[in-house]
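Take a look at the structure:
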């Protein structure tokens, strides 16, 4: 990336034209810091759009302390910058810090929006923070986001993680336009607490709705089959997988190998193993 030698000689309009060129990408955090210094000299250090891009790039390098330093220099952060911080902290597994940022945002008088809640709820789920999740759920309803599929899916995942499956199913049942992530969350929930027959039934319902599962969904429902030794369901799921062209997905096929090998069908397990287009160490091949 080219950094301009004399940015102070540029007019402000010229500097604004350089934004996209300066933020096309960075090879290192040091380069990002250099660009940030240039922008400071150009007087663009309080441009929220540009700052949002810098924060996102900084999170990409995994240096959350530097990103927090940058954020603390912003005089008037808007809701988008707060969301970027919360999202970036969650993405870097800084779950407690992301919740702290959420509380700081509220103390500053900002209302969370539909982009805020999914990430805060994800942090709560990872920390099994049920009580805060309940408070957030009530707030979601209060501010009118209770029909948002992404927020509701995050609530399902939270309740599943905390072991409140009835809460999870009530939220799931009320989602008007369930997506594949919503279905996967509830199937994972049933599988995770040993309600494997319910998980398989939910998978059938998913197909009846005309949705196409992804590899995450298939791995979870096959895990349910493995837990209860349901090779019959495993067989028809295998046929379905072949029909939609996912028979060579290594994660899905590894789950099928596990199912057939565990219950004595070594011939089928070997067939599945040989069918994989890619074999990794998970499947026993270096």
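Numbering (the UniProt record's numbering), first residue to last: 1 to 286. Where is the CB? At the ideal position from N, CA and C, for every residue including glycine.
Is residue i helix, strand or coil when you go by DSSP?
i, result
"residue 246", "coil"
"residue 28", "coil"
"residue 108", "coil"
"residue 71", "helix"
"residue 270", "helix"
"residue 48", "helix"
"residue 152", "helix"
"residue 61", "coil"
State the Cα-Cα distance for the pair residue i and residue j, rounded to the nearest angstrom.
i, j, result
"residue 220", "residue 194", "12 Å"
"residue 73", "residue 97", "18 Å"
"residue 191", "residue 228", "10 Å"
"residue 170", "residue 267", "42 Å"
"residue 100", "residue 62", "18 Å"
"residue 260", "residue 46", "60 Å"
"residue 213", "residue 180", "6 Å"
"residue 141", "residue 132", "14 Å"
"residue 275", "residue 34", "50 Å"
What does the Cβ neighbour count give for residue i, buried or exposed, with the cut at 16 atoms within 10 Å?
i, result
"residue 87", "buried"
"residue 69", "exposed"
"residue 153", "buried"
"residue 249", "buried"
"residue 143", "exposed"
"residue 167", "buried"
"residue 271", "exposed"
"residue 37", "exposed"
"residue 49", "exposed"
On the premise that residue j lies in contact with residue i, defined as a C-beta separation below 8 Å, what is that separation, rounded to the nearest angstrom?
i, j, result
"residue 155", "residue 121", "6 Å"
"residue 252", "residue 223", "About 11 Å; that fails the 8 Å criterion."
"residue 188", "residue 149", "Rounded, the Cβ-Cβ distance is 17 Å, inconsistent with contact."
"residue 89", "residue 117", "About 15 Å; that fails the 8 Å criterion."
"residue 91", "residue 59", "6 Å"
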